[in-house]
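Chains as they are written, first to last, in the working numbering: chain A, 1 to 243; chain B, 244 to 486.
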């Protein structure tokens with residue numbers, strides 16, 4: 001890194017976030033399969049606001065107040081909910097201009113742990129280039145926070161971290177000496193030529209397959225379907241266009 | 244993975260060890276630059292027992308009891324100590340048949356957190372093939388615990404985890420669906436052809452260079468200088484030959 005460059009770091013699991021915490025940075029939260037891909041998809045289909053909640057109890061309390069609620073556990077939609085957590089659930093007319101509550105243990109935890117940062121963005125392949133452009137326009141340190149799986153490293157979030165880090169590093173004002181950023185970029189370089197083949201070996205894919213939920217994997221790895229970037233404001237997400 | 248296979252997992256930093264804990268497994272502790280490489284080197288030069296301690300206070304208390312003590316912080320040998328923590332310090336006649344106290348915050352922490360496992364081994368390139376053979380002879384699950392750097396991921400320990408995992412996986416009785424094991428193997432596959440060039444970018448190398456301690460890096464990446472494997476017994480390490 002050169003003096004004056006903004007630094008890029010990758011936090012591979014939320015359990016080490018405290019080691020990376022940087023309140024001056026932009027934090028991008030990544031949970032490719034499926035929370036952040038689903039949240040981006042909802043904004044693509046006109047949702048006005050998303051309230052991420054960690055527990056089913058919170059989700060149910062919002063439902064009782066009249067909100068649309070997405071809530072599932074282990075791939076099964078909860079009976080009080082309007083739909084499950086799949087990105088496909090948000091590709092429908094009825095969400096337009098609505099406020100949606102999205103129940104996700106890990107994703108919500110990541111979003112809220114980063115809330116003291118300069119800005120918290122929701123990232124995925126679906127908004128990759130727009131996200132990179134938005135970050136570069138701000139010229140601040142970048143911390144990519146991978147949701148992982150139950151506090152463990154996962155491949156699909158790490159690969160995306162590599163893709164985003166590589167894109168932002170094309171701007172000479174950014175640099176990195178973070179080992180996890182360098183590793184992410186190298187893994188992305190291996191995987192990018194045939195992502196679906198590479199991701200085949202990721203453990204989360206096996207879990208989704210077992211639950212019949214693997215139909216979203218290719219969709220969640222499709223680059224640049226939108227220029228919309230969900231941004232945290234207080235405890236809810238809005239589109240960057242509404243900032 | 245096939246049914247009946249022993250599993251290989253890689254824990255990329257000690258801070259997520261609780262997610263991987265498996266008391267039936269063999270745990271290999273890895274801190275390539277420099278703790279585990281130094282410990283292996285000491286056994287290569289005839290040391291009988293190594294007592295890893297976490298704090299300088301403990302190290303000093305042992306010194307007062309007549310032990311040889313290796314203790315440094317930030318590359319500077321502490322005035323009460325007999326030598327610093329570099330592997331090179333242990334290549335001398337005076338350590339033969341002695342008990343040595345080795346002060347290392349992170350390494351000791353990793354060794355002791357794994358002590359309820361079936362067996363705790365100390366690994367490095369220096370004993371790579373012997374280590375792999377020893378593990379395969381036991382036919383148990385394998386957990387590779389990377390010391391990392393201040394609870395963060397680091398490249399040099401991860402690369403070694405990939406090297407070891409790949410070697411053990413040559414035995415058809417082992418398999419893995421652990422994302423961090425798969426990533427480690429892929430990174431090792433990139434790096435192995437020109438390790439010194441690859442490791443050039445690792446942050447720990449920069450730290451050692453800054454402190455003039457980078458002369459050990461090539462040595463610590465030299466494969467198979469010994470068949471000795473340090474093994475934890477109670478709270479100290481002995482050679483596997485003395486088990």
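A virtual CB, placed ideally from N, CA and C, is assigned to each residue, including glycine.
Exercise. Using a Cβ-Cβ cut-off of 6 Å (strictly less than) and excluding sequence neighbours within five positions of residue 394 of chain B, which residues of its own chain qualify?
Worked result: The sequence position of residue 394 of chain B within the second chain is 151, counting from 1. So the list reads 256 and 258, once near-sequence residues are dropped.
For this session: Can you give me the start and stop residues for the alpha helix (DSSP H) that residue 37 of chain A sits inside?
Result: In the first chain, counting from the first residue as 1, residue 37 of chain A sits at position 37. Per DSSP, residue 37 of chain A belongs to the alpha helix (DSSP H) from 35-44.
Exercise. So which of A/180, A/75 and A/27 has the shortest CA-CA distance to residue 212 of chain A?
Worked result: For the purposes of this step, residue 212 of chain A is identified with residue 212 of the first chain, where counting begins at 1. Measuring from the Cα of residue 212 of chain A, the nearest candidate turns out to be A/75.
For this session: Give the straight-line distance between the Cα atoms of residue 162 of chain A and residue 365 of chain B, rounded to the nearest whole angstrom.
Result: As a working mapping, residue 162 of chain A is identified with position 162 in the first chain. As a working mapping, residue 365 of chain B is identified with position 122 in the second chain. For residue 162 of chain A and residue 365 of chain B, the distance between alpha carbons rounds to 31 Å.
Exercise. In angstroms, rounded to a whole number, what distance separates the CA positions of residue 144 of chain A and residue 27 of chain A?
Worked result: Within the first chain, the letter at position 144 stands for residue 144 of chain A. Within the first chain, the letter at position 27 stands for residue 27 of chain A. So the alpha carbons of these two residues sit roughly 6 Å apart.
For this session: For residue 338 of chain B, I'd like the list of residues in its chain whose CB is within less than 8 Å of its CB, leaving aside the five on either flank, ordered along the chain.
Result: What you label residue 338 of chain B is simply residue 95 of the second chain in a count that begins at 1. Excluding five sequence positions before and after residue 338 of chain B, the CB atoms of its chain that fall closer than 8 Å to its own CB belong to 285, 288, 289, 290 and 311, given in chain order.
For this session: Starting from the Cα of residue 1 of chain A, find the closest Cα among A/31, A/158 and A/141 and give me that residue.
Result: Counting from one through the first chain, the residue named residue 1 of chain A turns up at place 1. Residue 1 of chain A has its Cα closest to that of A/141, out of A/31, A/158 and A/141.
Exercise. Are the stretch 176-196 of chain A and the stretch 433-448 of chain B touching by the rule of at least three beta carbon pairs closer than 8 Å?
Worked result: Yes, since at least three Cβ pairs between the stretch 176-196 of chain A and the stretch 433-448 of chain B fall closer than 8 Å, the two stretches touch.
For this session: Pull up the distance between the alpha-carbon of residue 382 of chain B and that of residue 357 of chain B, whole angstroms please.
Result: By one-based count along the second chain, residue 382 of chain B stands at place 139. By one-based count along the second chain, residue 357 of chain B stands at place 114. Distance between the alpha carbons of residue 382 of chain B and residue 357 of chain B: 18 Å.
Problem set entry | Enclosing alpha helix (DSSP H) for residue 182 of chain A [first to last residue] | Here residue 182 of chain A is taken as the residue at index 182 of the first chain, counted from 1. That run of the alpha helix (DSSP H) goes 179-191.
For this session: Return the chain-ordered list of same chain residues with a C-beta closer than 7 Å to the C-beta of residue 164 of chain A, the five sequence neighbours on each side being excluded.
Result: Looking up residue 164 of chain A in the first chain gives position 164. The answer, listed in chain order, is 28, 123, 128, 131, 132 and 144.
Problem set entry | Sequence-distant residues of its chain with Cβ nearer than 6 Å to residue 470 of chain B (five each side left out) | Numbered from its first residue, the second chain carries residue 470 of chain B at position 227. The answer, listed in chain order, is 373.
Problem set entry | Opening and closing residue of the alpha helix (DSSP H) in which residue 477 of chain B lies | Looking up residue 477 of chain B in the second chain gives position 234. From DSSP, residue 477 of chain B is part of no alpha helix (DSSP H); its letter is neither H nor E.
For this session: Just mark residue 261 of chain B as buried or exposed, buried being the case when its beta carbon has 16 or more other beta carbons within 10 Å.
Result: Taking the first residue of the second chain as 1, we reach residue 261 of chain B at position 18. Counting Cβ neighbours within 10 Å, residue 261 of chain B comes out exposed, since fewer than 16 surround it.
For this session: Please decide whether residue 397 of chain B counts as near chain A, where near means a Cβ-Cβ distance under 8 Å.
Result: Here residue 397 of chain B corresponds to residue number 154 of the second chain, with the count starting at 1. It does; some Cβ of chain A falls within 8 Å.
Exercise. What does DSSP give as the partner residues of residue 326 of chain B in its beta bridges?
Worked result: The sequence position of residue 326 of chain B within the second chain is 83, counting from 1. Per DSSP, the beta-bridge partners of residue 326 of chain B are B/313.
For this session: Express the C-alpha separation of residue 299 of chain B and residue 323 of chain B in angstroms, rounding to a whole number.
Result: To locate residue 323 of chain B, count along the second chain from 1; it is residue 80. To locate residue 299 of chain B, count along the second chain from 1; it is residue 56. Straight-line spacing of the CA atoms in residue 323 of chain B and residue 299 of chain B works out to 10 Å.
Problem set entry | Alpha-carbon to alpha-carbon, residue 343 of chain B and residue 267 of chain B | One-based indexing of the second chain puts residue 267 of chain B at position 24. One-based indexing of the second chain puts residue 343 of chain B at position 100. So the alpha carbons of these two residues sit roughly 29 Å apart.
Exercise. By how many angstroms is the C-alpha of residue 315 of chain B removed from the C-alpha of residue 240 of chain A?
Worked result: Walking along the first chain from the start, residue 240 of chain A turns up at place 240. Walking along the second chain from the start, residue 315 of chain B turns up at place 72. Taking the straight line from one Cα to the other gives about 50 Å.
Problem set entry | Start-to-end residues for the beta strand (DSSP E) that takes in residue 99 of chain A | Residue numbering aside, residue 99 of chain A sits at position 99 when the first chain is read from its first letter. It spans 99-103 - the beta strand (DSSP E) in which residue 99 of chain A sits, taken as one unbroken run.
For this session: Answer yes or no: do residue 430 of chain B and residue 412 of chain B have a C-beta to C-beta separation smaller than 8 Å?
Result: Numbered from its first residue, the second chain carries residue 430 of chain B at position 187. Numbered from its first residue, the second chain carries residue 412 of chain B at position 169. No, they are not a contact pair.
Exercise. Residue 449 of chain B touches chain A at which residues, Cβ-Cβ below 8 Å?
Worked result: Against the second chain, residue 449 of chain B aligns to sequence position 206. Within 8 Å Cβ-Cβ: 177.
Exercise. How far does the alpha helix (DSSP H) with residue 405 of chain B in it reach, from first residue to last?
Worked result: Numbered from its first residue, the second chain carries residue 405 of chain B at position 162. Per DSSP, residue 405 of chain B belongs to the alpha helix (DSSP H) from 398-412.
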